[in-house]
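Okay, so here's the structure we're looking at.
So, in structure tokens, the structure goes:
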């Protein structure tokens, strides 16, 4: 699938093979209009997820409404 997508210049994300990724999706905490994106460039996805979970617990859900 990677080769086919690459030949057609279509973006592809092979989650378990970062060498075959043309993009990586960051872990996101959305408290609109504040948005925090966390990425380990595919090297440590578990760490990125743990950091996201900690930030989600730290930032109140109503943060966005406080800024409006």
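Residue numbers (my numbering): 7 to 74. Glycine included, C-beta positions come from ideal geometry on N, C-alpha and C. Quick caveat: nothing in here was measured; it's all calculated off a predicted structure.
Cβ-based burial, residue 35 [other Cβ within 10 Å; buried from 16]: The residue you call residue 35 lines up with position 29 of the chain shown. By the 16-neighbour rule on beta-carbons within 10 angstroms, residue 35 is buried.
Residue 58: first and last residue of the uninterrupted alpha helix (DSSP H) it sits in: Translated into positions along the chain shown, residue 58 becomes position 52. From DSSP, the alpha helix (DSSP H) with residue 58 extends over 51-64.
Cutoff 7 Å; reference residue 28; Cβ partners in own chain excluding five residues on either side: Sequence index remark: in the chain shown, residue 28 carries index 22 (1-based). If the five residues before and after residue 28 are omitted, its C-beta is found closer than 7 Å to the C-beta atoms of 17 and 18, all from its own chain and listed in chain order.
Bridge partner(s) assigned by DSSP for residue 33: Working through the chain shown from its first residue, we reach residue 33 at position 27. According to DSSP, residue pairing for residue 33 in a beta bridge involves 44.
Where do the N-terminal and C-terminal ends of the alpha helix (DSSP H) with residue 71 fall, by residue? Sequence index remark: in the chain shown, residue 71 carries index 65 (1-based). Residue range 69-72 is occupied by the alpha helix (DSSP H) that includes residue 71.
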